[in-house]
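Heads up: the structure comes next, in structure tokens.
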Amino acid sequence: MALSGDNDFVVVANRLPVDLTTDADGARTWTPSPGGLVAALSPVLERFSGCWVGWPGVADTAPEPFRTESGVLLHPVELTATDYELFYEGFSNATLWPLYHDLIVTPVYDREWWDAYRDVNERFAAAVAEVAAEGATVWVQDYQLQLVPGILRQTRPDLTIGFFLHIPFPSADLFRQLPWREETVRGLLGADLIGFHLESNVANFLDLVRKVAGPGGSHIGQPDSLIVEGTPATRRVGARITAADGRSVGVGAFPISIDMDSLGESDPATVDKLRGEIGDPETVLLGVDRLDYTKGILQRLLAFEELLEAGALDPAEVVLVQVATPSRERIAHYQHARSQVEEAVGRINGRFAAIGRPVVHYLHRSLPKQTLHHYYALADVMLVTPFKDGMNLVAKEYVACHGDGSGSLVLSEFAGAAAELDRAHLCNPFDLESLKRAVVNAVRGLEHDPQTLHERMLAMHEQVATHDVRLWARSFLRCLGTLDDASVDESRA
Ligand code: ADP
Ligand code: F6P
1 MALSGDNDFV
11 VVANRLPVDL
21 TTDADGARTW
31 TPSPGGLVAA
41 LSPVLERFSG
51 CWVGWPGVAD
61 TAPEPFRTES
71 GVLLHPVELT
81 ATDYELFYEG
91 FSNATLWPLY
101 HDLIVTPVYD
111 REWWDAYRDV
121 NERFAAAVAE
131 VAAEGATVWV
141 QDYQLQLVPG
151 ILRQTRPDLT
161 IGFFLHIPFP
171 SADLFRQLPW
181 REETVRGLLG
191 ADLIGFHLES
201 NVANFLDLVR
211 KVAGPGGSHI
221 GQPDSLIVEG
231 TPATRRVGAR
241 ITAADGRSVG
251 VGAFPISIDM
261 DSLGESDPAT
271 VDKLRGEIGD
281 PETVLLGVDR
291 LDYTKGILQR
301 LLAFEELLEA
311 GALDPAEVVL
321 VQVATPSRER
331 IAHYQHARSQ
341 VEEAVGRING
351 RFAAIGRPVV
361 HYLHRSLPKQ
371 TLHHYYALAD
381 VMLVTPFKDG
391 MNLVAKEYVA
401 CHGDGSGSLV
411 LSEFAGAAAE
421 LDRAHLCNPF
431 DLESLKRAVV
441 NAVRGLEHDP
451 QTLHERMLAM
461 HEQVATHDVR
471 LWARSFLRCL
481 GTLDDASVDE
491 SRA
């Protein structure tokens, strides 16, 4: 069997679903890579036995392509140490990431970073062109690869090209800061279909195309108005844009979700044991995030501290577990976020812990999926408080683990998930009082109004269970024209 050139379905993302790691004794192993993109797409690729083109997570290495046990062909793309610095840490995560997350920190606009971004996008596109069969479907993922659709349109016009953005798309007024805005929009418009999580992201993109194109706009593209289809339950929002070359490009909202099947059952004995290990508190609060300044980890710690200080929460009864996955650790804003979080954890424990009984348990590491699910099952209140988040799969995973209606979710209004999980205790993380109110309502509700909380969790569980990642992938690929009903049924198997 040839390993490349004959793949009918190719996903290309900055990262492969696994990172290459080297142990102290020099042995190389593959470990799951972080983030929501990988969590969502892995089960989809497994069902299609597709090919995944991406970076193996370490600089200056490109192992040979290989097939995973679940049948996915992994095709590594090499990033040099300079690419890592200029393309990944620079343009992707110090320019686009803060710009697309509404300037929580100030984006840096650097011409050398942009050159590296264009160059790396060309190499990813070349790798795709090499592995994709004639007429294949290529699904390009996320903000790191926005130029790939445009490049492939030129080099491989036979391909059907989809693009999905996993992070928010900002308002046109913010995006227009980007010195390379026209090239970026043109790159995206190389796709046949561009997907966002939310209707508001679609509206922002259409507005942007209008503004960047200006009156007439024939050199970029002309959007039609929004199309809304279906009933409130099956509502689909999208539009078509006529690109400069006359092609019609679809744009739509496809809220991503989780794979219910991969969650598995949590083991009650393990959950009880965990509860014992953290001092058998009456109430367990939990946060699970990449350690990213967008996630509002510090704010939730400050809210917790003020509630302990005011006596609204009793340190003898409540414990906060915060799991923070290491992320983008050389970037200054991430280092700053980490030191602020760790300082707050130390201070809160210094003020409110007893010997052998911390009030905040802080883990700065990745955990096996099964362990994470035990933490979800353990948590009475889940805290998901980002300043801005494309979707936030952690919120959906928590809800999915509480199919019995137990637990309670505090959720930021600025997480994409809030559009679907509107029965959560919604809060504004920029307003500490709002965050504190949501936490208190969630904790007190467990005691004073368990029936209402139960109903709220069950309603959210139903939403997640009926809108899982398979529905997301099927809706997108069907709109792209890749799936007919027969292959949809096959992909369900
Ligand atoms: P993002 O994509 O910004 O990281 P999401 O909440 O959408 O945020 O997705 C995060 C994914 O990473 C989830 O599937 C979650 O289970 C996983 N995850 C988060 N923290 C950890 C951790 N410490 N160990 C293992 N998986 C984690
Ligand atoms: O969700 C945004 C995202 O950048 C994804 O592309 C990725 O899954 C996740 O965050 C992790 O980021 P990184 O690949 O930079 O570690």
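Residue numbering for the sequence shown follows the UniProt record's numbering, starting at 1 and increasing by one per position.
In this text, a Cβ means the ideal position worked out from N, Cα and C, and glycines have one as well.
These figures come from a predicted structure and were not determined experimentally.
Beta bridge counterpart(s) of residue i as assigned by DSSP
i	result
His-425	Val-410
Arg-236	Glu-229
Pro-32	Val-18
Val-11	Trp-52, Trp-139
His-454	Its beta-bridge partners do not exist; DSSP assigns none.
Arg-357	Ala-354
Tyr-362	Gln-322
Val-249	Ile-241
Asn-160	Contrary to the premise, residue 160 reads as Thr rather than Asn in this sequence. In the DSSP output, where bridge partners are listed per residue, Thr-160 has Thr-137.
Phe-430	The partner list for Phe-430 (beta bridge, DSSP) is empty, contrary to what the question assumes.
Ala-203	Answer is none; Ala-203 lacks a bridge partner.
Gln-222	Thr-242
Alpha carbon of residue i to alpha carbon of residue j, nearest angstrom
i	j	result
Val-384	Arg-456	16 Å
Ser-487	Ser-49	Interpretation of Ser-487 is limited by its pLDDT of 47, a score under 50 that renders its predicted location unreliable; the figure taken from the coordinates is listed afterwards. Taking the straight line joining both Cα atoms gives about 13 Å.
Val-12	Ala-213	28 Å
Gly-350	Val-359	9 Å
Ser-339	Leu-79	29 Å
Gly-311	Val-72	53 Å
Met-460	His-467	11 Å
Gln-463	Tyr-398	13 Å
Glu-420	Cys-479	21 Å
Glu-122	Phe-304	47 Å
Gly-5	Ala-132	5 Å
Ile-348	Val-318	13 Å
Val-443	Glu-343	25 Å
Ala-424	Ala-400	13 Å
His-101	Asp-292	11 Å
Val-345	Gln-370	25 Å
Val-228	Asn-204	16 Å
Ala-438	Met-391	20 Å
Leu-208	Arg-176	8 Å
Ser-412	Asp-224	32 Å
Phe-297	Tyr-334	It is Ile, not Phe, that sits at residue 297 in the sequence shown. For Ile-297 and Tyr-334, the distance between alpha carbons rounds to 12 Å.
Asn-7	Trp-55	18 Å
Arg-240	Phe-254	15 Å
Arg-474	Ala-353	49 Å
Val-410	Val-321	14 Å
Ala-116	Glu-183	14 Å
Val-138	Ala-27	34 Å
Leu-3	Glu-130	Confidence at Leu-3 is low in this model, with a pLDDT of 47, below 50, so its placement is unreliable and no value can be given for it.
Val-237	Met-382	30 Å
Ala-172	Glu-134	36 Å
Minimum C-alpha distance to residue i - residue among the options
i	options	result
residue 498	Pro-157, Thr-61, Val-185, Val-128	A query on residue 498 cannot be resolved here, the shown segment of the chain reaching from 1 to 493 and no further.
Leu-99	Cys-51, Trp-180, Ala-129, Ile-194	Trp-180
Ala-337	Ile-348, Pro-157, Arg-347, Ala-324	Ala-324
Asp-245	Asp-292, Gly-221, Asn-428, His-373	Gly-221
Thr-452	Ser-406, Glu-420, Glu-433, Leu-367	Ser-406
Asp-259	Pro-34, Thr-31, Ala-465, Leu-20	Ala-465
Thr-106	Asp-115, Gly-90, Val-120	Gly-90
Asp-314	Asp-158, Phe-175, Gly-416, Val-440	Val-440
Ser-70	Pro-43, Trp-472, Ser-92	Pro-43
Leu-96	Ala-377, Gln-144, Val-53, Asn-7	Gln-144
Tyr-88	Val-120, Leu-152, Leu-74, Val-237	Val-120
Ser-327	Asp-431, Asn-428, Met-382, Pro-34	Pro-34
residue 496	Thr-61, Asp-60, Thr-68	Any question about residue 496 goes unanswered here, given that the chain covers just 1 to 493.
Lys-436	Phe-414, Pro-223, Glu-306, Pro-56	Glu-306
Thr-21	Asn-7, Leu-45, Ala-59	Ala-59
Gly-356	Arg-111, Glu-277, Asp-207	Glu-277
Leu-74	Tyr-84, Pro-63, Thr-82, Ile-194	Pro-63
Glu-85	Leu-367, Thr-155, Ala-332, Leu-458	Ala-332
Phe-66	Leu-103, Pro-168, Val-18	Val-18
Leu-159	Val-108, His-166, His-448, Gly-150	Gly-150
Anticipated Cβ contact below 8 Å, residue i with residue j, distance rounded
i	j	result
Tyr-362	Val-288	So it is not a contact: roughly 12 Å between Cβ atoms.
Val-77	Ala-39	With 8 Å as the limit, Val-77 and Ala-39 do not qualify as a contact, their Cβ atoms being about 21 Å apart.
Ser-266	Val-469	No, Ser-266 and Val-469 are not in contact; Cβ-Cβ is about 20 Å, not under 8 Å.
His-373	Leu-263	6 Å
Val-140	Gly-162	7 Å
Leu-378	Val-271	5 Å
Asp-380	Leu-446	6 Å
Near the ligand FAD: residue i beta-carbon under 8 Å from a heavy atom
i	result
Lys-369	Ligands present in the displayed structure are limited to the ligand ADP and the ligand F6P, and the ligand FAD is not among them.
Practice problem: Counting only runs of 3+ residues fully inside the region 270-315, write out the beta strand (DSSP E) ranges in chain order. | Solution: Listed in chain order, the complete beta strand (DSSP E) runs (minimum 3 residues) inside the region 270-315 are 283-290.
Quiz item: Going along the chain, which unbroken runs of the alpha helix (DSSP H) with 4 or more residues stay wholly within the region 163-189?
Solution: Whole alpha helix (DSSP H) segments, 4+ residues: 172-175, 181-188.
Quiz prompt | Uninterrupted beta strand (DSSP E) stretches inside the region 56-134 (no shorter than 3 residues) | solution = Taken in chain order, the unbroken stretches of beta strand (DSSP E) that lie wholly in the region 56-134 and span 3 residues or more are 73-76.
Quiz item: Which parts of the region 457-486 are runs of the beta strand (DSSP E), unbroken and 3 residues or longer, counting only runs that do not cross its ends?
Solution: Those beta strand (DSSP E) runs which fall completely within the region 457-486 and span 3+ residues do not exist here.
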